[in-house]
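Undergrad:
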């Protein structure tokens with residue numbers, strides 16, 4: 008059985024996949040000591 012032709016843009020699918028992988032990596036660095044500094048929450052002053 009042959010696959011029907013797809014009009015999807017492969018580079019966009021790759022970009023979306025990389026974006027999802029980056030979101031997972033940023034949200035779960037593995038250890039609280041290895042959080043990416045620019046993405047840390049600001050100190051709470053409340």
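Residue numbers (the working numbering): 8 to 53.
We put the beta carbon where it would ideally sit given N, CA and C, even for glycine.
(1) Once DSSP output is grouped into helix, strand and coil, what is the label at residue 23?
(2) In whole angstroms, give me the CA-to-CA distance for residue 9 and residue 35.
(3) In chain order, what residues of the same chain have a beta carbon less than 7 Å from the beta carbon of residue 50, not counting five sequence neighbours either side?
TA: Looking at the coordinates:
(1) Position 16 of the chain shown, counting from 1, holds the residue named residue 23. The answer is helix: DSSP assigns residue 23 an H, G or I state.
(2) For the purposes of this step, residue 9 is taken as residue 2 along the chain shown, with counting starting at 1. For the purposes of this step, residue 35 is taken as residue 28 along the chain shown, with counting starting at 1. Near 40 Å, if we compare the C-alpha coordinates of residue 35 and residue 9.
(3) Locating residue 50 in the chain shown gives position 43, counting from the first residue. Excluding residues within five positions, none has a Cβ falling inside 7 Å.
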